[in-house]
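Structure record follows, encoded as structure tokens.
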Amino acid sequence: MTDERIAELRKTGVLIQKNKDYFTIKIGGCGGASNATLLRKVADLAEKFGDGNIHTTTRQIIDVYNIHKDNVEDAVKYMEENGIPKSISGPCLRSIVACPGDPSCRFSMENTQDLAQEIKARFGNFTGLNTKIKIAVTGCKNACAKPRENCIGLLPLGKGRWEISIGGKMGKKPRLATHTKAADNLDEVFSTIEKVLEWTRDNGNPKERLSDIVVRLESELPSF
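Under the working numbering, think of the first position of the sequence shown as 1, with each following residue one higher.
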């Protein structure tokens with residue numbers, strides 16, 4: 001397999017492993033939501049083309065491990081034929097994390113799953129970013145989805161209002177978001193997300209995380 005093809009596959013969540021004879025395929029998702037039909041297809045994918053090993057990631061998507069390089073193209077074709085969603089990689093809006101939310105969780109104040117899907121529908125194809133953007137939606141102050149550890153985090157304040165946190169990240173140099181904004185309704189939430197994405201696109205250097213842009217330009221940070 002050529003380096004060009006490996007790079008092309010990476011954009012769709014097909015990643016070469018430490019042993020370069022094998023690949024991991026990341027299954028696309030949003031908010032950790034799935035269903036029995038899709039999971040059966042993913043299990044078939046793992047057994048047909050890998051060794052049956054599957055991992056649920058901290059980003060609430062599924063990794064299918066140990067697919068030999070000779071089987072990768074057939075595995076990708078199998079996904080396309082069976083409606084298994086591809087993941088994404090590179091400078092873009094990544095899979096959105098969300099807690100179960102209302103009505104599944106007795107503590108939740110909001111329907112986080114529907115909101116995550118709406119954010120994906122509105123901004124999933126946002127172009128021009130120089131870095132990855134991670135969004136988390138949580139349904140109560142327990143903050144299970146870790147909103148302040150993500151680039152953009154949403155936490156309900158009650159009566160339809162939301163706290164939007166901006167500039168958190170995990171990784172080698174983690175940072176909790178220190179910039180927050182209260183939004184009175186979902187229209188304001190969506191407007192703020194759009195403004196943050198645009199600001200990131202216009203001010204970020206290649207691969208510079210939103211958290212680092214916020215630190216670098218803190219004195220010039222808009223109110224969003």
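Beta carbons: idealized from backbone N, C-alpha and C, even for Gly.
Nearest-angstrom beta carbon gap, Ser-211 and Arg-175 [assumed within contact, 8 angstroms]: Here residue 175 is taken as the residue at index 175 of the sequence shown, counted from 1. Here residue 211 is taken as the residue at index 211 of the sequence shown, counted from 1. With 8 angstroms as the limit, Arg-175 and Ser-211 qualify as a contact, their Cβ atoms being about 5 angstroms apart.
Complete beta strand (DSSP E) runs within the region 30-78 (minimum length 3 residues, chain order): 54-56, 62-68
Beta carbon of Val-64 nearer than 7 angstroms to that of Gly-50: Locating residue 64 in the sequence shown gives position 64, where the first residue counts as 1. Locating residue 50 in the sequence shown gives position 50, where the first residue counts as 1. Yes, these two residues count as a Cβ contact at 7 angstroms.
C-beta contact flag for Ile-164 and Lys-141 at 7 angstroms: Position 164 of the sequence shown, counted from the first residue, corresponds to residue 164. Position 141 of the sequence shown, counted from the first residue, corresponds to residue 141. Taking 7 angstroms as the Cβ cut-off, Ile-164 and Lys-141 do not qualify as a contacting pair.
Secondary structure of Pro-156, DSSP reduced to three states: Along the sequence shown, one-based indexing puts residue 156 at 156. In the structure shown, Pro-156 sits in a strand (DSSP, three-state: E or B).
Alpha-carbon to alpha-carbon, Gly-160 and Asp-184: Your numbering for residue 184 matches position 184 in the sequence shown. Your numbering for residue 160 matches position 160 in the sequence shown. For Asp-184 and Gly-160, the distance between alpha carbons rounds to 7 angstroms.
Classification of Pro-156 by the beta-carbon crowding that lies within 10 angstroms, buried from 16 upward: Here the question's residue 156 lines up with position 156 in the sequence shown. The residue is buried, with at least 16 neighbouring Cβ atoms inside 10 Å.
Ala-182 - containing beta strand (DSSP E), residue span: The residue given as residue 182 occupies position 182 in the sequence shown. Unbroken beta strand (DSSP E) run through Ala-182: 179-183.
Candidates Asn-150, Ile-193, Phe-190, Gly-204: closest to Thr-178 by CA position: By 1-based counting over the sequence shown, the position of residue 178 is 178. Considering only alpha carbons, the answer is Asn-150.
Arg-209 in three-state terms, based on DSSP: If you number the sequence shown from 1, residue 209 lands on position 209. Coil.
Selection from Lys-69, Lys-48, Ile-62 that minimises the alpha carbon distance to Ile-6: One-based indexing of the sequence shown puts residue 6 at position 6. Measuring from the Cα of Ile-6, the nearest candidate turns out to be Lys-69.
Rounded straight-line distance, which links the Cα of Glu-8 to that of Glu-47: Numbered from 1 along the sequence shown, position 47 holds the residue referred to as residue 47. Numbered from 1 along the sequence shown, position 8 holds the residue referred to as residue 8. C-alpha separation (whole angstroms): 24 angstroms.
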